[in-house]
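Number of protein chains: 2
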Amino acid sequence: MIKDSNSSATMRHAQQSTIPLGAYLFNRVQQLGIRSVFGVPGDYNLALLDFIEPSGLDWVGNCNELNAAYAADGYARIHGLSVVITTFGVGELSAINGIAGAYAERAPVIHIVGTPSRSLQSSRALVHHTFIDGEYKRFAAMYAHVTAAQVNLTDAETAPDQIDWVIAQAMIHQRPVYLQIPEDMANVAVAATNLGLGPITGPSLGTLPINPEHVATILDRMYSAKQPVILVDGESRNIGALAEMDQLIRATGWLTWTSAFGKGLVDEELPNVHGVYLADYGDDSCATYFKTADLVLFFGPHLSNINTHIFTAIPDETVTIAFSPNQVQIDGHVLRDTSPRRILAEIVKLVDMPRLAQVTGPRVVPLPDPNPVASDMLCQALFYPFMNRMFRRGDIILTETGTAAEGGKVFKLPSGCRFFTAVTWLSIGYMLPAALGVTLAQRDSASHQQGHNREPHRTFLFIGDGSFQMTAQEMSTMIKKNLNVVIIIINNNGYTIERVIHGRNASYNNISQWNHRHALGLFGLSDDDAAHRYFAARTWGELRTALDSQPMQRENAGVTVIEAFMGQEDCTGELKKLLLEQVSKEDKTSL
Amino acid sequence: MIKDSNSSATMRHAQQSTIPLGAYLFNRVQQLGIRSVFGVPGDYNLALLDFIEPSGLDWVGNCNELNAAYAADGYARIHGLSVVITTFGVGELSAINGIAGAYAERAPVIHIVGTPSRSLQSSRALVHHTFIDGEYKRFAAMYAHVTAAQVNLTDAETAPDQIDWVIAQAMIHQRPVYLQIPEDMANVAVAATNLGLGPITGPSLGTLPINPEHVATILDRMYSAKQPVILVDGESRNIGALAEMDQLIRATGWLTWTSAFGKGLVDEELPNVHGVYLADYGDDSCATYFKTADLVLFFGPHLSNINTHIFTAIPDETVTIAFSPNQVQIDGHVLRDTSPRRILAEIVKLVDMPRLAQVTGPRVVPLPDPNPVASDMLCQALFYPFMNRMFRRGDIILTETGTAAEGGKVFKLPSGCRFFTAVTWLSIGYMLPAALGVTLAQRDSASHQQGHNREPHRTFLFIGDGSFQMTAQEMSTMIKKNLNVVIIIINNNGYTIERVIHGRNASYNNISQWNHRHALGLFGLSDDDAAHRYFAARTWGELRTALDSQPMQRENAGVTVIEAFMGQEDCTGELKKLLLEQVSKEDKTSL
Chain A
6 MIKDSNSSAT MRHAQQSTIP LGAYLFNRVQ QLGIRSVFGV PGDYNLALLD FIEPSGLDWV
66 GNCNELNAAY AADGYARIHG LSVVITTFGV GELSAINGIA GAYAERAPVI HIVGTPSRSL
126 QSSRALVHHT FIDGEYKRFA AMYAHVTAAQ VNLTDAETAP DQIDWVIAQA MIHQRPVYLQ
186 IPEDMANVAV AATNLGLGPI TGPSLGTLPI NPEHVATILD RMYSAKQPVI LVDGESRNIG
246 ALAEMDQLIR ATGWLTWTSA FGKGLVDEEL PNVHGVYLAD YGDDSCATYF KTADLVLFFG
306 PHLSNINTHI FTAIPDETVT IAFSPNQVQI DGHVLRDTSP RRILAEIVKL VDMPRLAQVT
366 GPRVVPLPDP NPVASDMLCQ ALFYPFMNRM FRRGDIILTE TGTAAEGGKV FKLPSGCRFF
426 TAVTWLSIGY MLPAALGVTL AQRDSASHQQ GHNREPHRTF LFIGDGSFQM TAQEMSTMIK
486 KNLNVVIIII NNNGYTIERV IHGRNASYNN ISQWNHRHAL GLFGLSDDDA AHRYFAARTW
546 GELRTALDSQ PMQRENAGVT VIEAFMGQED CTGELKKLLL EQVSKEDKTS L
Chain B
6 MIKDSNSSAT MRHAQQSTIP LGAYLFNRVQ QLGIRSVFGV PGDYNLALLD FIEPSGLDWV
66 GNCNELNAAY AADGYARIHG LSVVITTFGV GELSAINGIA GAYAERAPVI HIVGTPSRSL
126 QSSRALVHHT FIDGEYKRFA AMYAHVTAAQ VNLTDAETAP DQIDWVIAQA MIHQRPVYLQ
186 IPEDMANVAV AATNLGLGPI TGPSLGTLPI NPEHVATILD RMYSAKQPVI LVDGESRNIG
246 ALAEMDQLIR ATGWLTWTSA FGKGLVDEEL PNVHGVYLAD YGDDSCATYF KTADLVLFFG
306 PHLSNINTHI FTAIPDETVT IAFSPNQVQI DGHVLRDTSP RRILAEIVKL VDMPRLAQVT
366 GPRVVPLPDP NPVASDMLCQ ALFYPFMNRM FRRGDIILTE TGTAAEGGKV FKLPSGCRFF
426 TAVTWLSIGY MLPAALGVTL AQRDSASHQQ GHNREPHRTF LFIGDGSFQM TAQEMSTMIK
486 KNLNVVIIII NNNGYTIERV IHGRNASYNN ISQWNHRHAL GLFGLSDDDA AHRYFAARTW
546 GELRTALDSQ PMQRENAGVT VIEAFMGQED CTGELKKLLL EQVSKEDKTS L
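So the sequences go chain by chain: A and B.
Residues in the first sequence are numbered consecutively from 6, following the numbering used here.
Residues in the second sequence are numbered consecutively from 6, following the numbering used here.
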């Protein structure tokens, strides 16, 4: 290529300073408020890792790449963006299921992959972490299925803009993106100009024109509604208008439900906020009220079978106004190329409150406060209401796929709590590293905002013994980082979630027997600490002892394990229904 | 489609019995000598799992899918074929890095994926384990990059032949294959005919015509050679002619070396068998002899950078006859469409021994038998020779990527030992589940062949503390299956393999601190057993105590852990060279 010393690029270069690419990248990341970076070192990414700490970021260092991806997913759901770094081939493929989950449930993770140097790639060298056939493009091709955008940096001139672009894509699409950096690019000098232009915003989501008629239509529908309801689903998180949604829920007083995915995105202490909407309550007054509503304001629809209770909890399209991250749907008619966020903001600004219906409907039923006999064995039906008393404002609660996800739907969360449960990807084992990610994000945010009282919140993870085995080692990262996490292992002797679906007594639904009391010790606590922070509970009395213990007090930082033993077939809600169907089939077969 | 009652298919059906597809599949698997099936249950594969035990197979039940794939890879390297079963999306993507490794290093694994029912797929239902966009083909597209053949069973008529075909592809290509089975296919009736035709052989690898001239050429080259050598590489395993290779090595007496990948495929007790060939011995007589050879019989070339010591151990093409699974290369000229296995058999049959050169060359140097002072600290240089005395005929030895892989190259294996180390994929964490797989394969084979003395062999796994964290939980499956495995954890305080490459003192090469003495307890042993089967060794005296202990005796079944503490930068061979280069660079920088 002929170099023209008068080209604008050259002139621009002449006027500006340069910076190593690795420094540019992590400064960009730092500008976006990210403080913790997840991942595992590998020879193709080591040169890049040199730039993390000098950029003011903390390298978390996970036990393996799948766990790192899961943790980054969790971080993104709290902070809005996250970074995970792996090495070429082996590292990125170990992480790919975690990135796929972030794609499915919309967590914007920037996945950075350190790849072999440009000279190795262009000479098709038969290096490790390849199939020794000279082909270096396979893994990127695989990643194109699970990321919203892909970039391979091979050119110092364009690298800064490419980095900015791919990060912006994560923000725009609210899904993971994929960034390959050859080993020899980490130290090349690139223009530092963009760093001075402020943090990456991407094309702002708020600049698209909105049509005042759309706003007027929606307001009219709101004014004319006699029995309006609000349904909050999980993609509300991706719209970027949680504050506006909150204002509407407070100001209208309209009865509000959430999906499992939407739980934790609204203030459940409000008198008009019910919990998770379950269409098959049968004769329940809530379901009747919801089904006969003449307007449903539906925020962030996410219509997977699990999140909609096998499609039964989807509101009637003809009375629904649905706000998605990039479209609004009114009574089945889709409005594209507009800004749902701005429309929502306009509605909040313009709505004339006195013209809205004063609704009366089923009152929010307080969560029962069970007081079981101390010597009685634990059971799923009472366990979640019982545990609910531990939650305080600002805590984070996670329920892993399985009996915990079903049981935790009844939680009544204090204000400011966040809640996470799997609704579509349902990769068991996800929730433990995710707990690491959300807790770090919350701590990063707290230490960023205020110096005092840096450890006020706790994370509660409810996880079955089968799921726990998938990713248990990531506890050691929680311990290393001295995070406030209470891990409640529901020991029900195997994959109860699978038993209720099929093979109730099949041996393939058994798992290896673990002695969970040794987990804290193996994963890094001293023997003394480990003994004081592990509690086995078979009865309500034992559970109470655990909850009243010193390590469970708010001020006591660190990881605590409560092993709650429950019946192999003990479950609630949908799961119980499935189990009974199976038993009934067996009875018929045996007749 | 119009049904023709006179079609041959219909007539065939009329004459034969049927069998549920799941039963057909696992009977086919059983016919191939496989006894253990790896995997994790998930709702889309449960109906299929019902057929495993009735088919005479043992369901292993792994902790997670990546571990299951790694274990299946190990099983295939011993048995020649293996099966891993996962569920759609989440399960298969967790496993994909393991399957990629099997592809890279040629282990024929049949990966069976339970997928959503045909009706869900054809209606593009928004079910869990998808991206709720109705697209069900993504994961198969991803798997096409890492498997030799892919089949999706959607039709009962063709299913048996498709199953046979895809299994044959694994055997032909010696790489993993991918088999999708929709949930509702597991119980459909399919023709049982093929089951009566004997086990699947695929198109036999021995039927291709061989050209007598090729055999004559090779024999001539052998007769005229004055300084011939033999080099055994890892893809010898895939040729299917290990016996013929062994005969040649014994009969010729020619000096023989292996690559790291080929180690364990030849009998190292033979007087003419040296160990791993290292071209950069410098003035060593072996390297000189090898480099001046006028003929190299090269079995199973696998030319990755790591396996060839950065391409230095590749023999001169112009004097080399190389046997690969599907081609022979003579002095750079490739012969395709022939049977390397049969050519080799012909050579063994026809070779006229008296016409071969009686070689003299460097004698095989016995491994030193170190006797270090009991109070001295352990060191890498003496550790592997010291441990070598534990190996007995028929044991399996595995060295994980890192200092163990480098150190273990010096092992001198007793006859009948198998040896595994990573040479191309190098995914750390692989080796622990692989140890599970190879041990099960050996036990299955032993119990198949002879009733008496069923537990004569042991597996020795050498693994660093960083790699151990990746997949540690799979120890619990070893314990569940009561396997004879000695896990030697080399605790050198983090990723020494990365430190020697880059970032010698960088914090990103640190790992979380674990207390390994709790591993056996967490993963299933009683406290008493765990205490008796764990040994910490900082000194040679402590190591000796561990090796002399009762659990380390041959007859004592079960998992034992020896934690060997070594210096953070203690390493040998290539790694030491890399480390010294780095130190030298630092010295220059600091001047």
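Where a beta carbon is used, it is the ideal one built from N, C-alpha and C, also for glycine.
By DSSP's assignment, B:VAL490 forms a beta bridge with B:THR464, B:VAL564.
Take B:ASP238, set aside five residues on each side of it, and the residues of its chain with a beta-carbon closer than 8 Å to its own are THR263, SER264, PHE266, GLY267, PHE303, PHE304, GLY305, PRO306, HIS307, ASN312, in chain order.
Along the region 136-152 of chain A, the positions whose C-beta sits under 7 Å from a C-beta of chain B are PHE136, ILE137, ARG143, ALA146, MET147, HIS150, read in chain order.
Under the three-state reduction of DSSP, B:GLY119 is assigned to strand.
The Cβ atoms of A:VAL118 and A:PHE93 sit closer than 7 Å to each other. A distance below 7 Å between beta-carbons, with the five flanking residues on each side excluded, links B:ASP285 to the following residues of its chain, in chain order: HIS314, THR317. Just measuring C-alpha positions, the residue of A:ALA511, A:HIS84, A:TYR108 sitting nearest B:HIS134 is A:TYR108.
B:GLU579 and A:GLY44 have their C-alpha atoms roughly 26 Å apart. Ranking A:GLY258, A:MET176, A:HIS338, A:ALA130 by CA distance to the CA of A:MET358 puts A:GLY258 first. In summary, the residues of the region 40-66 of chain B whose CB is separated from some CB of chain A by less than 8 Å are PRO46, GLY47, ASP48, LEU51, ALA52, LEU54, ASP55, ILE57, GLU58, TRP64, GLY66, in the order they occur in the chain.
Judged by their CB atoms, B:LEU158 and B:ALA164 are nearer to each other than the 7 Å cut-off. Nearest to B:ILE223 by C-alpha distance, out of B:SER290, B:THR365, B:THR325, B:ALA446, is B:THR325.
Between the beta-carbon of B:ALA153 and that of B:ALA175 there is about 7 Å, and that keeps the pair under the 8 Å contact cut. Here the region 180-191 of chain B makes no contact with the region 211-231 of chain B; the two share fewer than three CB pairs at distances below 8 Å.
Within the same chain, and ignoring the five residues on either side of A:ALA230 in sequence, the residues whose Cβ sits closer than 7 Å to its Cβ are ASP299, LEU300, ALA362. Taking 7 Å as the cut-off, the Cβ atoms of A:ASN497 and A:GLN573 count as close. In the DSSP secondary-structure assignment, A:ILE186 is bridged to A:GLY119. C-alpha of A:ILE567 to C-alpha of A:SER329: approximately 39 Å in a straight line.
Taking B:PHE56 as the centre and dropping the five residues before and after it, the same chain places the C-beta of GLY27, ALA28, PHE31 closer than 6 Å to its C-beta, in chain order. Residues of chain B whose Cβ lies closer than 9 Å to the Cβ of A:GLY529 are, in chain order, SER517, GLN518, TRP519, ASN520. For A:GLY508, the closest Cβ of chain B is nearer than 7 Å. For A:ASN72, the enclosing alpha helix (DSSP H) covers residues 70-84. From the listed residues A:ARG538, A:VAL34, A:ASP160, the smallest Cα separation to A:HIS84 is found for A:VAL34.
Using a Cβ-Cβ cut-off of 7 Å, A:LYS485 counts as an interface residue toward chain B, since at least one Cβ of chain B sits closer than that to its own. Below the 8 Å Cβ cutoff, chain A contributes no neighbours of B:GLN174, its closest Cβ being approximately 17 Å away. With a cutoff of 7 Å on beta-carbon distance, B:THR482 and B:LEU445 are scored as not near each other. Taking a C-beta distance under 7 Å as the contact criterion, A:SER432 and B:VAL95 qualify as a contact pair. Remark: C-beta atoms of A:THR404 and A:THR429 do not approach each other more closely than 7 Å. The Cβ atoms of B:THR365 and B:THR501 lie no closer than 7 Å to each other.
Here the C-alpha atom of B:VAL171 lies approximately 30 Å from the C-alpha atom of A:ARG129. Closest in alpha carbon position to B:PRO419, among B:ARG448, B:ALA386, B:LEU349, B:ARG463, is B:ARG463. Annotated three-state conformation of B:LEU270 is coil, per DSSP. Contact with chain A is found for B:GLY526, since one of that chain's Cβ atoms lies less than 7 Å from the residue's Cβ. Within the DSSP secondary-structure output, A:SER512 pairs in no beta bridge. Taking B:VAL271 as the centre and dropping the five residues before and after it, the same chain places the C-beta of VAL237, MET250, ASP251, ILE254, THR261, THR263, VAL278 closer than 8 Å to its C-beta, in chain order. Within the DSSP bridge table, the entry for A:HIS178 names no partner.
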